[in-house]
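J.:
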Amino acid sequence: MIAVASDHGGYALKQVILEHLAQRGTPAEDLGCNGERVDYPLYAEKLSRAVAAGQYERGILVCGTGIGVSIAANKIPGIRAALCGDCFSAEMSRQHNDANVLCLGGRVLGPELAKKIVDTYLDTPFSGAESHSRRIAMIKDLES
Ligand code: RB5
4 MIAVASDHGG
14 YALKQVILEH
24 LAQRGTPAED
34 LGCNGERVDY
44 PLYAEKLSRA
54 VAAGQYERGI
64 LVCGTGIGVS
74 IAANKIPGIR
84 AALCGDCFSA
94 EMSRQHNDAN
104 VLCLGGRVLG
114 PELAKKIVDT
124 YLDTPFSGAE
134 SHSRRIAMIK
144 DLES
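Residues in the sequence shown are numbered consecutively from 4, following the working numbering.
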């Protein structure tokens, strides 16, 4: 199950992504907002805590630029949030960083590119290489 959340700046793209996830048969849950003006850190925190607790396999966060939600999400222990504006970054975020949250800019990306980025992110596994696992463990150590 994938969690998806946004603020008002990412709401329109979030709707596109939810529709796309439904079309590709990927179970997803919408954690808000509903288009009203909200503070993005609240939604980044809500989604990230749920992902970190194992309630969802991964999460997708959308704000106007993707920057605010990525900064906030990466404050939550256990979260590796990747702001991606292209498919190569999305692929690497999984292969090298085992990113468990994808952040997107609703005012930056067109819907078709965003859908490709989401597909790449969801369909790319972590490489499992020792070097990448070691670096991720080093990031984990930074949390304590
Ligand atoms: C909201 O206007 C906007 O600041 C927010 O969506 C996001 O872009 C912040 O990083």
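Yeah, the Cβ is synthetic: ideal placement off N, Cα and C, and Gly gets one too.
With a threshold of 8 Å, establish whether the CB of residue 68 neighbours any heavy atom of the ligand RB5.
T.: Yes, the ligand RB5 has a heavy atom inside 8 Å of this Cβ.
J.: Taking residue 121 and residue 54 to be in contact with their CB atoms under 8 Å, please state how far apart those CB atoms are, rounded to whole angstroms.
T.: That belief does not hold up - the Cβ atoms of residue 121 and residue 54 are roughly 16 Å apart, past 8 Å.
J.: DSSP has residue 106 in a bridge; who is on the other side?
T.: DSSP, once it has assigned bridges, lists 64 and 86 as partnering residue 106.
J.: Under a Cβ-count criterion, where at least 16 other Cβ atoms within 10 Å of its own Cβ denotes burial, should residue 82 be classed as buried or exposed?
T.: Burial call: buried.
J.: How about residue 107 and residue 69: do their beta carbons lie closer than 9 Å?
T.: Yes; because the gap between Cβ atoms is below 9 Å, this pair is in contact.
J.: Sort 100, 123 and 147 by Cα distance to residue 129 and report the nearest one.
T.: Among 100, 123 and 147, the Cα nearest to that of residue 129 is on 100.
J.: For the alpha helix (DSSP H) containing residue 136, name the first residue and the last one.
T.: Here the alpha helix (DSSP H) through residue 136 covers 133-144.
J.: Would you decide whether residue 112 is buried or exposed? Buried here means 16 or more other CB atoms lie within 10 Å of its CB.
T.: By the neighbour-count rule (16 or more Cβ atoms within 10 Å), residue 112 is buried.
J.: Quick check on residue 126: does DSSP put it in helix, strand or coil?
T.: DSSP places residue 126 in helix when its eight states are reduced to three.
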